[in-house]
Amino acid sequence: MEIHSWDVDKDEAIRIQNELKGKVILRNKFDKIEKIGAVDCFYRDDEAKGAIVICDYSTLNQIEVKTVTAKVKFPYIPGLFAFREGPVIIELIKKVENYPDVLIIEGHGIAHPRRFGIASHIGVIIEKPTIGCAKKILYGNYTEPPSFPCSSTFIKDEEGEIIGHVLRNYQKGLLFISPGNMVDLKACLDIILHTLKEEYPLPYPLYLADKISKEEI
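Note that the sequence shown covers residues -1 to 215 in this note's numbering.
In structure tokens, the structure reads:
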């Protein structure tokens, strides 16, 4: 779809989210996953360095890496993260030669006050499957999963609707996972589980993107 302006104020940003959230598709719109991607950004002062990593889905071997550094204009406002990081992510996606079948984005999908976190926002713009994966919860209620690795529980809204998963990684920390776009609740958990490695606290492609984004700007 055509990209809206990112240069907006808080009220306009919320209006855009409310306008676009109806475009989210919570069904799997992919067949076989051959390439998995992940994107993350690191901030220093008013600059953001973003990294996108593409891996082979079956082996998790790295296929491609691209980075972008850009000035950040939008302030940090919880629930409006897409307007801060979105322009960088879109530029990264434009540079990719090996387009992923599914993209993991550091942040939230529908586990968001307006059901439209950064993973949903980017997914709607690029019209591709996306998953949100974060280290902290933004919205919803949950019970901690059991203490063993790869255990999970649901994230639910105030009405009890399931909007995501809480997953315990191999380091016993928690990951908050939700569908972004074109991925259902079951698949988003299955995909993240497939990409976890015992050595790393994040899904492996996201771990790589996080590490590369933190290299010297």
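Note that CB positions come from ideal geometry on N, CA and C, so glycine has one too.
Just checking my contact of residue i with residue j at CB under 8 Å: how many whole Å lie between their CB atoms?
| i | j | result |
| --- | --- | --- |
| P177 | I129 | 7 Å |
| L204 | L187 | The pair is not a contact, with the Cβ atoms about 15 Å apart (cut-off 8 Å). |
| L173 | C131 | 6 Å |
| A46 | V22 | In fact, because the Cβ distance is near 25 Å, the residues do not count as touching under 8 Å. |
| F152 | Q15 | Not a contact, Cβ separation roughly 23 Å. |
| K64 | K93 | 4 Å |
| P199 | N179 | Rounded, the Cβ-Cβ distance is 25 Å, inconsistent with contact. |
| P201 | A36 | 7 Å |
| L58 | T193 | 6 Å |
| P98 | I190 | Contact doesn't hold; Cβ gap of about 14 Å is too wide. |
| I116 | A80 | 4 Å |
| D38 | S211 | 5 Å |
| L136 | I160 | With 8 Å as the limit, L136 and I160 do not qualify as a contact, their Cβ atoms being about 16 Å apart. |
| E62 | I75 | Actually they are not in contact, since the Cβ atoms of E62 and I75 sit about 32 Å apart, beyond 8 Å. |
| S145 | K170 | 6 Å |
| I1 | I88 | 7 Å |
| I120 | G84 | 6 Å |
Locate the alpha helix (DSSP H) running through residue i, then write down its first and last residues.
| i | result |
| --- | --- |
| F81 | A80 to K93 |
| S211 | Y202 to S211 |
With H, G and I counted as helix, E and B as strand and the rest as coil, what does DSSP make of residue i?
| i | result |
| --- | --- |
| R25 | coil |
| K71 | coil |
| D54 | strand |
| F184 | The identity of residue 184 in the sequence shown is Lys, whereas the question assumes Phe. Here K184 sits in helix by DSSP. |
| I189 | helix |
| I116 | helix |
| K30 | coil |
| E62 | strand |
| G48 | strand |
For the beta strand (DSSP E) containing residue i, list its first residue and its last residue.
| i | result |
| --- | --- |
| N16 | No beta strand (DSSP E) contains N16, which is instead part of the alpha helix (DSSP H) from K8 to L18. |
| D99 | Neither: D99 is in no beta strand (DSSP E) and is coded neither H nor E. |
| D38 | K33 to R42 |
| I108 | Premise fails: I108 is in no beta strand (DSSP E) and is neither H nor E. |
| I175 | L172 to N179 |
Is residue i near the ligand GTP, judged by its Cβ being under 8 Å from some heavy atom?
| i | result |
| --- | --- |
| R42 | This structure lacks the ligand GTP; in fact it carries no ligand of any kind. |
Counting only beta-carbon separations shorter than 9 Å, does residue i have a partner in chain C?
| i | result |
| --- | --- |
| G178 | No chain C is part of this structure, which consists of one protein chain only. |
- Message: Ignoring anything shorter than 3 residues, give me the beta strand (DSSP E) runs that lie fully in the stretch 121 to 168, in order along the chain.
- Response: 128 to 132, 150 to 154 and 160 to 166
- With contact counted as at least three CB pairs below 8 Å, one residue from each stretch, are the stretch 2 to 11 and the stretch 96 to 112 in contact? no
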